[in-house]
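Here the protein sequences come in this chain order: H and F.
For the record, in the first sequence the residue sitting at position 24 is 24 according to our numbering, with numbers rising by one throughout.
All you need for our numbering is the position in the second sequence, starting with 1, plus 1000.
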Amino acid sequence: MTTRDLKTKSIDYRKKLLKYIKHANAGHTGGSLSCVDILNVLYNHVLGVTPENFSGRDRNHYIQSKGHSVEALYVVLADVGFFPESDLETLCQYQSHYVGHPTRKVNGIEHNSGALGHALSYCVGVALAEKKDGRNNNVFTLLGDGELAEGSNWEALLTASHYKLDNLVAILDYNKLQITGWVKDVCATEPLDEKFTAFGASVRHVDGHDFEALTEVLNSVPFEKGKPNVIIAHTIKGKGVSFIENNYKWHHHVPTDAEFEQAIRELDQVVKNI
Amino acid sequence: MNKLELGKANLEVFSETLIELAKNDKDIVVVTSDSRGSGKLTPFGQQFPDQIVEVGIAEQNLVGIAAGLAASGKKVFAVSPACFLTARSFEQIKNDVCYSDHPVNLIGISAGVSYGALGSTHHSLHDLAALRAVNNLSIIVPADNFETRESIRLAAELPSPVYIRFGKRAIEHVHKPDDKLELGKANIIHEGGDVAFIATGETVVQSLMAAQQLEQKGVSCRVVSMHTIKPLDIETLAQTATKCKALITVEEHMVNGGLGEACAGYLMLTGICVPFKIVGIPDEYTVPGKQLDIFKHYGMTAEKLADAALQLIS
Ligand SMILES: Cc1ncc(C[n+]2csc(CCOP(=O)(O)OP(=O)(O)O)c2C)c(N)n1
Ligand SMILES: [Mg+2]
């Protein structure tokens, strides 16, 4: 798939996730727009996880720690064939398994998440098992930057370093916003580089909306033999829609009709210029 | 049938009451974990910037810090979604608050299945059972705006730990303005003798509406708001079980270890025998849906409660 294809896909994903959030009248708009390019590259260029190999264990793994951005995950999983996209018309409805956070009732999802600060420990377990069984699969997770306040993340990183889990890849959706506002005003986590390094990780930075850079960095793990990998992906919360970008109020705001139409217009404009 | 008047969300009344209290009391301190907006506490933060502490998305930290503040004389309200506050921070609640006896007010917002289709990570259907098993903790589940305001006022002055949980949707009034709320003393909000509903939290209004429907069919009901789950008002419970011909408990909680089992256990011990039914969320993968979808699915709406009552006395 070319960079151009990925770009076009991402616009399509953005339009769809907005559509289904609007339809469900619920969802995490800002965080989904922030991470959808990362998911695009992961599923189309890195993971090699398919509906055919998903039920086995001998494959790469992706577990989304920031489960609230499930709408981005749903549209990508539908696109790569895990379920028909029309299933998403039932998002958040009575008796639909497409709820507002990832669950294993949905094909393609390996672990339930939604309470922040859980998935990294789970991933350490999976990565350990991979090593014990002598396989070469990688375990990817996506963390929010506000989520880093949960101490469990740091416990997990300690263990990952202790067991030299260089098959573990924590991607940070570094959009600098959480619900209340800027992360730096809520709970100062900087300097992140030094913290991750001190916890034994090998750290790389990437522009989380640059498809080539993402493809390169995600395909070059392990960065250092014997060290867990941390990728600080510089992202924009709400990326792609001018009035959603960098605005904390859009964490779980659902677009009105007018906002939705304007968002689609803006995204269509971007497609024309690709 | 009297139509019940719709009030505000209990969540809103909670935040207004805190502002009222903080105006005259510098010792009131609110602690949040990126939950200021969800707790409707933005106005509080603006008015009393020195009386709010933000810890980031770290609920264990939240409760530990709250314990330290309470030990130092602050009247602390630790506010976070009930699901995270009572599951993630359970050990801090058990050891740092209750065992160490520091009078923290633990406020579980958007409790029960208020978060609906966000799924089970966001539901608190375990909290009453889990916290009933912790010594030295009062548990209050207010039914309406009145009970919420009164329980927050009461908590501010209580010298021991308390957990209060409520939902986020606007809720009908079930009380009259001159009612009183006492810790551990249930309120009888509707009188009758055929069936008694003993309910707690947002299921009280459903029970009251069920009672109104049943009255039209000639069945008279007592409705008890059992706002305090611990200490349980065993006097009102025993008196109700003796007076009424059948008893139904209703709670927005899993049936394991909640209000219903607390009542059943007590009645069994005292030898009071009465047709009895527990209505709540069963021990299964909770059906996905919005709060009222889930209520309907598990027979917790007025119509379904009325049916259950008829069945129990037939
Ligand atoms: C344990 C836990 N506490 C609180 C929440 C509520 N919550 C959902 S998203 C969120 C903010 C997340 O911010 P961040 O990690 O920066 O994610 P992003 O900006 O990518 O949306 C919070 C507090 C939760 N889901 N889990
Ligand atoms: Mg963020």
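Quick reminder that beta carbons are idealized off the backbone N, C-alpha and C, glycines included.
Cβ-based burial, residue i [other Cβ within 10 Å; buried from 16]
i	result
Phe243 of chain H	exposed
Pro1081 of chain F	buried
Leu1114 of chain F	This sequence places Ser at residue 1114 of chain F; Leu is not what is there. Buried: at least 16 other Cβ atoms inside 10 Å.
Lys1040 of chain F	buried
Tyr13 of chain H	buried
Asn1105 of chain F	buried
Gln178 of chain H	buried
Cys1244 of chain F	buried
His1227 of chain F	buried
Phe1269 of chain F	The sequence as given places Leu at residue 1269 of chain F; Phe does not occur at that position. Exposed, since its Cβ has fewer than 16 Cβ neighbours within 10 Å.
Thr1017 of chain F	buried
Pro191 of chain H	exposed
Ile1313 of chain F	exposed
Met1 of chain H	exposed
Cys187 of chain H	buried
Asp145 of chain H	buried
Val271 of chain H	exposed
Straight-line Cα distance separating residue j from residue i
i	j	result
Leu1158 of chain F	Ala1070 of chain F	12 Å
Thr1240 of chain F	Ile1171 of chain F	26 Å
Leu992 of chain F	Val1134 of chain F	As displayed, chain F neither begins before 1001 nor continues past 1314, which places residue 992 of chain F out of reach and without an answer.
Ala72 of chain H	Val36 of chain H	5 Å
Ala1130 of chain F	Pro1288 of chain F	23 Å
Gly208 of chain H	Ala233 of chain H	5 Å
His252 of chain H	Gly1037 of chain F	11 Å
Leu1183 of chain F	Glu150 of chain H	34 Å
Glu52 of chain H	Gly81 of chain H	10 Å
Gly100 of chain H	Val106 of chain H	12 Å
Ser152 of chain H	Gly117 of chain H	6 Å
Val139 of chain H	Lys7 of chain H	25 Å
Pro1236 of chain F	Ser55 of chain H	The sequence given here places Thr at residue 1236 of chain F; Pro does not occur at that position. Whole-angstrom Cα-Cα distance: 55 Å.
Gln262 of chain H	Leu17 of chain H	15 Å
Asn247 of chain H	Thr29 of chain H	11 Å
Gly226 of chain H	Val1097 of chain F	41 Å
Gly67 of chain H	His23 of chain H	19 Å
Ala119 of chain H	Val1174 of chain F	43 Å
Asp1101 of chain F	Lys1180 of chain F	27 Å
Gly1108 of chain F	Thr1086 of chain F	8 Å
Arg1149 of chain F	Met1209 of chain F	22 Å
Gly1265 of chain F	Asp1050 of chain F	46 Å
Asp193 of chain H	Val203 of chain H	7 Å
Tyr74 of chain H	Leu88 of chain H	8 Å
Val221 of chain H	Cys123 of chain H	16 Å
Leu218 of chain H	Ile1294 of chain F	41 Å
Span of the alpha helix (DSSP H), counted from its first residue to its last, around residue i
i	result
Arg1222 of chain F	It is not in any alpha helix (DSSP H) - Arg1222 of chain F instead sits in the beta strand (DSSP E) that spans 1221–1225.
Ser1207 of chain F	1203–1216
Ala1133 of chain F	Note, Ala1133 of chain F: premise wrong, no alpha helix (DSSP H); not H, not E.
Leu1006 of chain F	Not the alpha helix (DSSP H): Leu1006 of chain F falls in the beta strand (DSSP E), residues 1006–1009.
Ile1272 of chain F	Ile1272 of chain F -> no alpha helix (DSSP H), and no H or E assigned at all.
Lys1379 of chain F	In the structure as shown, chain F begins at 1001 and stops at 1314. Residue 1379 of chain F is therefore absent and cannot be evaluated.
Arg4 of chain H	3–24
Phe1295 of chain F	1291–1297
Lys131 of chain H	119–132
Ile290 of chain H	Lying outside 1 to 274, the shown extent of chain H, residue 290 of chain H is not represented and no answer is given.
Span of the beta strand (DSSP E) around residue i
i	result
Gly144 of chain H	139–144
Asp207 of chain H	202–207
Glu1251 of chain F	1246–1254
Asn1105 of chain F	1105–1109
Arg265 of chain H	Arg265 of chain H -> not in any beta strand (DSSP E); alpha helix (DSSP H) instead, spanning 257–273.
Arg1153 of chain F	Taken as a continuous stretch (DSSP letters only), Arg1153 of chain F belongs to no beta strand (DSSP E), being part of the alpha helix (DSSP H) at 1145–1157.
Ile232 of chain H	229–234
Ser1138 of chain F	1138–1140
Ile278 of chain H	One cannot answer for residue 278 of chain H here, as it falls past the ends of chain H, which runs 1 to 274.
Asn1187 of chain F	1187–1190
Phe1197 of chain F	1195–1199
Glu1172 of chain F	1170–1172
Thr1286 of chain F	That residue, Thr1286 of chain F, is in no beta strand (DSSP E); it is neither H nor E in DSSP.
Val1162 of chain F	1162–1165
Any non-hydrogen atom of ligand 3 within 7 Å of residue i CB
i	result
Asn175 of chain H	Although ligand 3 was asked about, the structure shown includes only ligand 1 and ligand 2 as ligands.
Residues that residue i contacts on chain B, provided the C-beta gap is smaller than 8 Å
i	result
Asn1061 of chain F	The chain labelled as chain B is not found among the protein chains of the depicted structure, namely H and F.
Which complete beta strand (DSSP E) runs does the region 59–113 of chain H hold, if anything under 3 residues is left out? Complete beta strand (DSSP E) runs here, min 3: 61–64.
Which ranges would you report for the beta strand (DSSP E) in the region 1047–1103 of chain F if only whole runs of at least 3 residues count? Taken in chain order, the whole beta strand (DSSP E) runs of length 3 or more contained in the region 1047–1103 of chain F are 1052–1054, 1075–1081.
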